[in-house]
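Student: The structure under discussion is supplied below as structure tokens; questions concerning it will follow.
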Amino acid sequence: MDYDHQKTEREWQERWEAEGLYRSVVDWDRPKHYALTMLPYPSGDLHMGHWYAMTPSDARARYMRMKGFNVLFPMGFDAFGLPAENAAVQRNIHPAEWTWSNIERMRVQIRSMGAMIDWEREAVSCDPEYYEWTEWLFRRFYEGGIAYRGEAIVNWSPTLQTVLANEQVIDGKDERTGQPVIQKKMEQWFFSITDYADELLNFTGIDWPEPVKAMQTNWIGRSEGAEVIFEMETGDEVPVFTTRPDTLWGATFMVLAPEHPLVDTLMTEEHRVAVDEYRVAAAAQSELERMQTDKEKTGVFTGGYAINPVNEQRIPVWVADYVLLSYGSGAIMAVPAHDQRDFEFARQFGLPIAPVIRPKGGDRLNGDTMEAAYIGPGTMVDSGPIDGVVTTDAKGRANPSVAAAIDWLEEHGAGTEAINYRMRDWLISRQRYWGAPIPMIYRADGTVEPAPDLPVLLPEAPEFTGGPSPLATDEAFLATVDSDGNPARRDSDTLDTFMCSSWYPYRYLSPHYDASAFDPDEAAYWLPVDTYTGGAEHATMHLLYTRFFTKAMRDVGVFADTETAMRAHGRDPEGLFDEPMTQSRNQGQILGEERPGDRLVVAGEWVDGRFVAESIRVDDHAASDAGPVVGELIRRTERTLQVQTADHMVTVEVPEDAEVEVPGIDGINDVTQLRHYLEVQRMSKSKGNTVNPDELVERYGADTVRLYLMFAFDWEKGGPWDSRGISGARRFIEDVWKIGTTEYEPGTVSADASLALRRAAHQTITKVDRDMEAFKWNTAIAALMTLRNDLLEARRTTAVSLEAWNEAVDLLLVLLAPIAPHVTEEIWSQRGNAESIHLQSWPEADPEVAADQTVTLVVQVNGKVRDRVEVSPDIDEETAIAAAMASERIQEWLTKGEVRKIIARPPNLVNLVIN
RNA sequence: GCCCGGGUGGCGUAACAGGUAGACGCGGCGGUCUUAAACACCGCUGUCCUUCGGGGCGUGGGGGUUCAAGUCCCUCCCCGGGCACCA
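Put into structure tokens, the structure is as follows:
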């Protein structure tokens, strides 16, 4: 009987659900494992990326369960956000209706994965019973001094009609739509994430991917240095942050950001017009233009002077847009001799350049003739008290000259050691409707207080115009009373949806709990998350926010009841609320299938019937007479391209030095770039290279799709989809089906063959166990395929005993169960097992059975393999050398020279060095 | 510019602690079955030479350490990602 995946998968999914196989219940007698995968946004349809993220996470959770852990694997939806409002504008459908119908649809799709999700713990962030507690957490943060209202220059997206957090702006554009963002001064709500900067930089005790740690570290951008106070001639004081206080004696001017508040008081009448003009021009520039680093330095003199505190020198104060108000204090001391930006500025405006570092092993620098700033080690010169101190490439106090300068500054009250961060506080106000309302009230006297009753429910907004948020004009919503019963106004903004997703692992524990954000008894058992999986694209957003959130929750006492409950069960809560997730892993991205069909224009010449390219251009709109060979790319190999021109097929040879012009990459490219352009494309509807998982599931079954996704890629890397490859996965499933469901009849049984199969099976346990532990799905499956091959071979030879056969088959099924849960369950049941395969414990390899009887001893001569000999695994050095020398082939080699040295690594290798 | 991650057959990938490079799969080639094709099954498949015993070369390029290097060190090139006038 053929394997009917549709029937099997449907039936078992229903049965698992009916029998509550995946309900997870607190059980203090068993070790727990909280497995979590990033919750999806309900965009409408599950795509291959969801399958790629979720099904291996499920396999891993199943594996942990078989290893004896009480596993919680929940699912939910991150359901607030702009797409729902866009749908409302475009299709006249309420965001709630759009969102909930998408969730309905995606629940069905997720169920088709056959994952061990405990649906009773599902949490949806747009549900009032969820966002009541998002609001509650905001209030706790407000009361705890972590949420504050402040005026700041913020990123305003005219397209989205809202402000955005720094993390959501990339290259001056909104990360979702790619539309430009402008700078605007507004009063908004912030979380003081910068207070946690140092704690966030500390990753000890958590097992997170190196790239994510690096990205977060980079993002936080800690710089060590000093804050130096410069007194202006007007009497004002301007603090300046510098990482190089040791170069203070070389500061020849000062620069303020155009938006700096002191510019007004500092500038003299004669410079007012010029400065104002400059400020207007700077303000008119988009963030994008301002960030261009290659343009010429611009700026203008204010007419004001500051006093350099280290040497009382009078230095001019300029305004320039290369100084950013958002970093440090928005003012810098300029040391043109040792900072390239300051150098360029000084040359541009003829300002003096005063070197204070004598390069290591070099002569003194001359400020008039230098061609670039000197940034390197040396000795301090012309620097008063720190003259002669050595300067190195080290940062902060680790650099002797910096340490000396800081000491001097602190001694003389001119400055202090300081640390500055690139990261800014988290802006959480959004001028949008579809989010959790900010539960704050503005009283008539101008003070602010938290809304007394939670949740503040979203009103049924009547109209979505695409303009300003409907909340901003909803009088019925805005009008309220304060705690004294006087008329007051509500905040019309909603919370950044990243706030909702920052605490969802806690809501999963008790999604319907109404006494607090989560049930402390559940939390005491399940927290923290043991394994978290998801995309690395969230490294400086969700993954950073959620770490901050847990620390902030800890500090405002949200976990107090949980700690009490833990102690009652004898669990020490110390340090358990410092990080939300102990271990984290990122899957890569599934890209679109390599797709021929690009239109190429090739120039070159004919050589022996082949066309050798000199230049290749990818141009989808090229006319057919644009070059000697113009046509569709049909096939590509390493060095050749098959191009279908208007009338015939041409094989184009691509030499290493051919010029390649690829859209989106400027300048002249090479063959590698062409290769990557043709190969790697993200899946997108506009490119027409999407793969619909639903169709594949219907055709091949969920088990096959799961298995293929886990087999065909290095999970942490991802790669382009290959629709041909899936047949191998399906073939494997069918082979397992045949092996497991058709009777095996032994013929002439041999003890050796039986033991060989048993050995193979037990060795497979070890491999699969190691690989699943490490998320190496592809090699785990390769090991299982090898066992499949062994079983097929055993069936052909019929030399294996029935016992050995059955043991190997059962092991194959149990080891495969986390990856392909349906087919293994069906075969398991057909083989007469009453209890679910998913309740079996993970097998352990019997070391005696798994031990190799013989091993291959590699014999090398001068490091090159010349022969292989089968030997006993416990062979000693002498015997191994003797065995190696005994080989006929080796004897032949030995005639060519004298043995000078023998390296023996029994039982694997003997290397004979001859000359 | 700085910081991560990469570069291995036609393709996806594998190689635990320096010790048999290419496991496993896709694709391709040959064969069996079939009226035929598909499926299935069997065999071959890095590359060049070969007297068919085997031998040379081969993990982005160059150099080094070592009895032995995909793996370690130096250097350069290329690809992907992150940050970036960050003081």
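In the numbering used here, the protein residues as written are 1 to 915. The C-beta atom is built at its ideal place from N, Cα and C for all residues, glycine as well. Since this is a predicted model, take the numbers as computed values, not measurements.
Taking all protein chains shown into account, decide if LEU200 is buried (16 or more other Cβ within 10 angstroms of its Cβ) or exposed.
Tutor: Residue mapping note: residue 200 aligns to position 200 of the first sequence, counting from 1. The residue is buried, with at least 16 neighbouring Cβ atoms inside 10 Å.
Student: Between ALA820 and ARG731, is the Cβ-Cβ spacing less than 8 Å?
Tutor: In the first sequence, the residue the question calls residue 820 occupies position 820. In the first sequence, the residue the question calls residue 731 occupies position 731. No, the pair does not count as a contact, with Cβ atoms beyond the cut-off.
Student: In the DSSP assignment, find the beta strand (DSSP E) that holds VAL255 and state where it starts and stops.
Tutor: The residue labelled residue 255 in the question sits at position 255 within the first sequence. Unbroken beta strand (DSSP E) run through VAL255: 253-256.
Student: Give the list of continuous beta strand (DSSP E) stretches no shorter than 3 residues that lie fully inside the region 321-364.
Tutor: Within the region 321-364, the complete beta strand (DSSP E) runs of at least 3 residues are 331-334 and 357-359.
Student: Looking only at DSSP bridge pairs, what is PHE77 linked to?
Tutor: Here residue 77 corresponds to residue number 77 of the first sequence, with the count starting at 1. PHE77 pairs with VAL124.
Student: So, for PRO520: in the same chain, excluding its five sequence neighbours on each side, which residues have a beta-carbon less than 6 Å away from its beta-carbon?
Tutor: Sequence index remark: in the first sequence, residue 520 carries index 520 (1-based). Only ASP561, THR562 and ALA565 meet the Cβ criterion.
Student: What residues in its chain sit with their C-beta under 6 Å from that of ALA403, if we drop five residues either side in the sequence?
Tutor: Working through the first sequence from its first residue, we reach residue 403 at position 403. Once the five neighbours on either side are set aside, the close Cβ partners of ALA403 are ARG397.
Student: Based on Cα-Cα distance, which residue from ILE438, SER43, GLN179 and LEU324 lies nearest to PHE477?
Tutor: For this step, residue 477 is matched to residue 477 along the first sequence. Comparing Cα positions, the closest option is ILE438.
Student: Identify every residue that forms a DSSP beta bridge with TRP426.
Tutor: Your numbering for residue 426 matches position 426 in the first sequence. Partner(s): PHE191.
Student: Measure the CB-CB distance between PRO459 and ASP474 and report whether it falls below 8 Å.
Tutor: Your numbering for residue 459 matches position 459 in the first sequence. Your numbering for residue 474 matches position 474 in the first sequence. Taking 8 Å as the Cβ cut-off, PRO459 and ASP474 qualify as a contacting pair.
Student: Are the CB atoms of TRP503 and PHE190 within a distance shorter than 8 Å?
Tutor: The count along the first sequence starts at 1 and reaches residue 190 at position 190. The count along the first sequence starts at 1 and reaches residue 503 at position 503. Going by C-beta atoms, PHE190 is not nearer than 8 Å to TRP503.
Student: Is it right to say PRO873 is buried, meaning 16 or more other beta carbons lie within 10 angstroms of its own, or is it exposed?
Tutor: Taking the first residue of the first sequence as position 1, residue 873 is located at position 873. So PRO873 counts as exposed.
Student: For PRO74 versus ASP118, is the C-beta spacing smaller than 8 Å?
Tutor: Here the question's residue 74 lines up with position 74 in the first sequence. Here the question's residue 118 lines up with position 118 in the first sequence. Going by C-beta atoms, PRO74 is nearer than 8 Å to ASP118.
Student: Is the CB-CB distance between VAL814 and GLN840 below 8 Å?
Tutor: Here the question's residue 814 lines up with position 814 in the first sequence. Here the question's residue 840 lines up with position 840 in the first sequence. A contact, by the Cβ cut-off of 8 Å.
Student: Can you tell me the Cβ-Cβ gap for LEU351 and PRO336, rounded? I've got them flagged as a contact below 8 Å.
Tutor: Reading the first sequence from its first residue, position 351 is the one you call residue 351. Reading the first sequence from its first residue, position 336 is the one you call residue 336. With a Cβ gap of about 7 Å, LEU351 and PRO336 count as contacting.
Student: Taking the alpha-carbon positions, what's the LEU137 to THR465 distance?
Tutor: Counting from 1 along the first sequence, the entry for residue 137 is found at position 137. Counting from 1 along the first sequence, the entry for residue 465 is found at position 465. The straight-line gap from Cα to Cα measures roughly 31 Å.
Student: Taking contact to mean at least 3 C-beta pairs separated by less than 8 Å, is the region 158-165 in contact with the region 529-536?
Tutor: Segments in contact, no.
Student: Give the straight-line distance between the Cα atoms of PRO359 and GLY376, rounded to the nearest whole angstrom.
Tutor: Taking the first residue of the first sequence as 1, we reach residue 359 at position 359. Taking the first residue of the first sequence as 1, we reach residue 376 at position 376. Roughly 7 Å separates the two Cα atoms.
Student: What three-state label does DSSP hand ASP474 in the structure shown?
Tutor: Start at 1 with the first residue of the first sequence, and residue 474 comes out as number 474. ASP474 falls in the coil class under three-state DSSP.
Student: Could you tell me which residues DSSP pairs with GLN589 in its beta bridges?
Tutor: Within the first sequence, numbered from 1, the residue matching residue 589 stands at position 589. Answer is GLY718, bridged to GLN589.
Student: Would DSSP call GLY736 helix, strand or coil?
Tutor: As a position in the first sequence, residue 736 is number 736, starting the count at 1. Note on identity: in this sequence residue 736 is Val, with Gly being the wrong assignment. DSSP places VAL736 in helix when its eight states are reduced to three.
Student: Where does the unbroken beta strand (DSSP E) through THR37 begin, and where does it stop?
Tutor: Walking along the first sequence from the start, residue 37 turns up at place 37. That run of the beta strand (DSSP E) goes 32-37.
Student: Measuring CB to CB, does ALA761 end up less than 8 Å from LEU811?
Tutor: Reading the first sequence from its first residue, position 761 is the one you call residue 761. Reading the first sequence from its first residue, position 811 is the one you call residue 811. Cβ distance < 8 Å, so ALA761 and LEU811 count as in contact.
Student: Starting from PHE577 and walking both ways along the alpha helix (DSSP H), at which residues does that stretch end?
Tutor: Residue mapping note: residue 577 aligns to position 577 of the first sequence, counting from 1. First-last for PHE577: undefined, no H or E at that position.
Student: PRO906 to TYR700, Cα distance in whole Å?
Tutor: Here the question's residue 906 lines up with position 906 in the first sequence. Here the question's residue 700 lines up with position 700 in the first sequence. Between PRO906 and TYR700, the C-alpha separation is close to 47 Å.
Student: PRO261 and ARG279: beta carbons closer than 8 Å?
Tutor: Position 261 of the first sequence, counting from 1, holds the residue named residue 261. Position 279 of the first sequence, counting from 1, holds the residue named residue 279. Not a contact, by the Cβ cut-off of 8 Å.
Student: Which residues in the same chain have their Cβ closer than 8 Å to the Cβ of ASP514, if we skip the five residues on either side of it in sequence?
Tutor: For the purposes of this step, residue 514 is identified with residue 514 of the first sequence, where counting begins at 1. Hits under 8 Å: GLU129.
Student: If ALA986 and VAL317 are in contact, beta carbons under 8 Å, what's the gap, nearest whole angstrom?
Tutor: Beyond the ends of the chain as shown, which are 1 and 915, falls residue 986; an answer cannot be given.
Student: Nearest by alpha-carbon distance to THR786: which of ASP735, VAL240 and LEU266 is it?
Tutor: Indexing the first sequence from 1 puts residue 786 at position 786. The option with the nearest alpha carbon to THR786 is ASP735.
Student: Work out the CA separation of LEU792 and PHE548 for me, nearest whole Å.
Tutor: In the first sequence, counting from the first residue as 1, residue 548 sits at position 548. In the first sequence, counting from the first residue as 1, residue 792 sits at position 792. Taking the straight line joining both Cα atoms gives about 53 Å.
Student: Using the Cα positions of GLN168 and VAL858, report the straight-line distance between them to the nearest angstrom.
Tutor: Start at 1 with the first residue of the first sequence, and residue 168 comes out as number 168. Start at 1 with the first residue of the first sequence, and residue 858 comes out as number 858. Approximately 57 Å, taken between the alpha carbons.
Student: Taking the beta strand (DSSP E) that ALA926 belongs to, which residues open and close that run?
Tutor: A query on residue 926 cannot be resolved here, the shown segment of the chain reaching from 1 to 915 and no further.
Student: Are ASN911 and ARG900 touching if we call contact CB-CB under 8 Å?
Tutor: The residue you call residue 911 lines up with position 911 of the first sequence. The residue you call residue 900 lines up with position 900 of the first sequence. No, they are not a contact pair.
Student: Cα separation between GLY575 and LYS551?
Tutor: Walking along the first sequence from the start, residue 575 turns up at place 575. Walking along the first sequence from the start, residue 551 turns up at place 551. Going from the Cα of GLY575 to the Cα of LYS551 covers about 10 Å.
Student: Taking the CB atoms as reference points, tell me whether THR916 and ALA817 lie closer together than 8 Å.
Tutor: Lying outside 1 to 915, the shown extent of the chain, residue 916 is not represented and no answer is given.
Student: Can you check which of these residues, LEU266, ASP867 and ARG796, is closest to SER887 by C-alpha distance?
Tutor: Start at 1 with the first residue of the first sequence, and residue 887 comes out as number 887. SER887 has its Cα closest to that of ASP867, out of LEU266, ASP867 and ARG796.
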